[in-house]
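Worksheet: one structure, shown below.
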Amino acid sequence: MVEQALPYGDGTVMVELPDRTRIVGGSGPSRRSENGSPAVTPAADQAKDVRTAIEEPLGLPRIRDSVSSSANVLIAFDDLTVSSFGPVRRLAIEAVLAELAEAGVSEQQVTLVCANALHRKWTTEELASAIGEDLVQRFGSRLVCHDAEDAENIVNLGTTKSGYDVDIHRLVVESDLTVYVNAQCHMGFAGGWKSVAVGLSTWRSIRWTHTPDGMSMSVRHNRMHEVFDEQGAYIESKLGKRIFKIETILANPTTVGRIWAGGVDETRKAALEVLEQRHPPRRGAIKEKADVVIYGVPSWSPYATFASMNPILTLISSGLGYLGGY
């Protein structure tokens, strides 16, 4: 028999399986992470790594060289459904504010938007847990949650060549610079243009990707991100300006492993090179059909953040999608 630990609720459970069992992922050598993929070393100084990324952007000038002292700036950030529990959001926002200050842009010219897509709005206390109490107090009414049903603050940019609708938060259109802080790239799912095309959009845009056939964690050849990329290119072409992105891969739930800043496409490409090594396709690992498939599902779902979990929804979204769908 083979012993294997499986996620189960808030912990794990040890199961005994027949010797002929094919195990995909699982524990491995010490230099590999818990799911058997190559480990990413936790940053010794997260604040320093964040600053270095912002000071050495990929594909774009530094923020301080991109704006005038009269600029109005939007800083958007991942909401709390993104399982990133460390200080990366706060550190990135503070580093961006420092760059803006060097250009003569005051905090009064900056708006913070939590990119919660179609998720509910977050309370002040919840936002403080994500970006810190100090930022919440300093920004006050200039810290808001995206509202996908607030027509006055949504701009329809039209449709892409493939017919995908593109709605976007008004501040993305009207601000001189938009900076987006991604708090974690989960496999091939999060990050890239998903941050903007979903987090700051409406159901009209989101409906093209959040479908059963699009629910893939695949790092490469990901249909969902093919749509996001088309929507993102359309956004920048219509706006005539580029969005500055901060892209993060975590070493563990609280600590940055790798982080990049710059253009959305450039940072996504850099992240994919790491993610491809960490998450080789599971679908190619076993060619034959199986009589029985077993995998554990943790008590976690982005659709039940700070709420009781629906086990059926979690089985489909977390089990078949987030954990198994690549």
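Residue numbers (our numbering): 1 to 326.
All C-beta atoms in this analysis are idealised placements derived from N, C-alpha and C, irrespective of residue type, glycine included.
Sorting ARG223, SER70, LYS241 and GLN184 by C-alpha distance to the C-alpha of ALA92 places GLN184 at the top. Distance from the CA atom of VAL113 to the CA atom of GLN137, rounded to whole angstroms, is 14 Å. Proximity to ASP291 across PRO18, GLY163 and PHE77 peaks at PRO18, based on C-alpha coordinates.
In this structure the stretch 270-289 does not lie against the stretch 62-74, because fewer than three pairs of beta carbons, one per stretch, are closer than 8 Å. DSSP assignment within the stretch 90-116 yields the following whole beta strand (DSSP E) runs of 3 residues or more, N-terminal first: 110-115. Secondary structure at HIS221: coil, using DSSP grouped into helix, strand and coil. Bounds of any alpha helix (DSSP H) do not take in LEU6; it lies within the beta strand (DSSP E) bounded by 2-8.
Excluding its 5 nearest sequence neighbours in each direction, TRP208 has C-beta neighbours in its own chain below 6 Å: TYR164 and VAL227, listed in chain order.
Two segments are said to touch when three or more pairs of C-beta atoms, one from each, lie closer than 8 Å; by this definition the stretch 38-45 does not touch the stretch 144-151. According to the DSSP secondary-structure assignment, THR12 is paired through a beta bridge with PRO7.
Taking 3 residues as the minimum length, the beta strand (DSSP E) runs contained wholly in the stretch 252-302 are 255-263, in order along the chain.
Within the same chain, ILE168, ARG170 and VAL173 come within 6 Å of VAL155 by CB-CB distance, once the 5 residues on both sides are set aside. In chain order, VAL67, ALA71, ASN72 and VAL73 place their CB closer than 7 Å to the CB of ASP176, counting only its own chain and leaving out the 5 sequence neighbours on each side. In the structure shown, the three-state DSSP call for GLU247 is strand. Annotation for ASP134: the continuous alpha helix (DSSP H) segment containing it runs 133-139. About 6 Å separates the beta carbons of VAL40 and ARG258, which is inside the 8 Å limit, making them a contact pair. Taking C-alpha positions only, LYS269 is separated from LYS238 by approximately 23 Å. Selection ILE246, TYR8, THR160 and ARG20 evaluated against TRP260 yields ILE246 as nearest (Cα-Cα). Counting C-beta atoms within 10 angstroms of its own C-beta, GLY11 has fewer than 16 neighbours from the protein chains shown and is therefore classed as exposed. Note that the stretch 84-99 does not touch the stretch 198-208; fewer than 3 beta-carbon pairs, one per stretch, sit closer than 8 Å.
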